[in-house]
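Residue numbers (this note's numbering), protein chains in the order written: chain S, 9 to 124; chain C, 204 to 317. Here is the structure we will look at.
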Amino acid sequence: AQKVTQAQTEISVVEKEDVTLDCVYETRDTTYYLFWYKQPPSGELVFLIRRNSFDEQNEISGRYSWNFQKSTSSFNFTITASQVVDSAVYFCALSEAVNYGQNFVFGPGTRLSVLP
Amino acid sequence: SAVISQKPSRDICQRGTSLTIQCQVDSQVTMMFWYRQQPGQSLTLIATANQGSEATYESGFVIDKFPISRPNLTFSTLTVSNMSPEDSSIYLCSVNFDSRGTQYFGPGTRLTVL
């Protein structure tokens, strides 16, 4: 069975600090897809990134970066120089290839508060 | 990516009543998904809705409580029936727009049941 764990329930940082959100997953499938979503206070879920299990290259997009390590089943998300607008709940999600595009399993989420 | 809209954006309802939530997409999609997010919790998939067939419900969710319609490739409704305060949640629809398997979400419907 697939499972996603986000051990950090809440994190508070001061603006301009770097922060890393942890995501650990479990799956028996050899091909799978990992996602990060942002949910600001408005409630809408915003897609941030998708990663294939066979592509372990790390990715950077502006102040955001992602570190995917199959050896530790982790897909961590780092925000550099955090801003107040980064305050949100962040969800990591997993989808197995056998249910491509369906049956997303979401982690419990990490609430990030960036203080001015 | 295409635009997903939901109506209503929020509602406050009385116990025992029903509410129908609409999800509209501005392009044709094969599958639409309905999720529930209880206060302070993560997302849980309620059902997958394909056009022209019965929705597929996840364990713990039944058609009598959450009937779903999918009359065409751009529209779906989810009804929350005989509501109780435990149904107070955000209900979100999502779709796959591309071949990469990503789900994109609507803005959600925030439901409060008194």
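The C-beta atom is built at its ideal place from N, Cα and C for all residues, glycine as well. From a predicted model like this one, the values you see are computed outputs, not experimental measurements.
In terms of CA proximity to S/K78, S/D63 leads the group S/V27, S/D63, S/E67, S/Y98. Per DSSP, the continuous beta strand (DSSP E) segment holding C/P274 begins and ends at 271-275. At least 9 angstroms separates the beta-carbon of S/F114 from that of C/S212. Excluding sequence positions up to five before and after S/R59, its CB lies within less than 6 angstroms of the CB of L42, F76, all in the same chain and listed in chain order. If you ignore the 5 residues before and after C/P270, its C-beta comes within less than 6 angstroms of the C-beta of T282, all in its own chain and listed in chain order.
Neighbours of S/P116 in chain C, taken as residues whose beta carbon is under 8 angstroms from its own, are Q244, S245 in chain order. One alpha carbon belongs to C/T312, the other to S/T28, and they sit about 30 angstroms apart.
Interface annotation, C/Y307: in contact with chain S, CB-CB separation under 9 angstroms. Contact note: S/L29 does not reach chain C at a C-beta cutoff of 9 angstroms; the least C-beta distance is about 14 angstroms.
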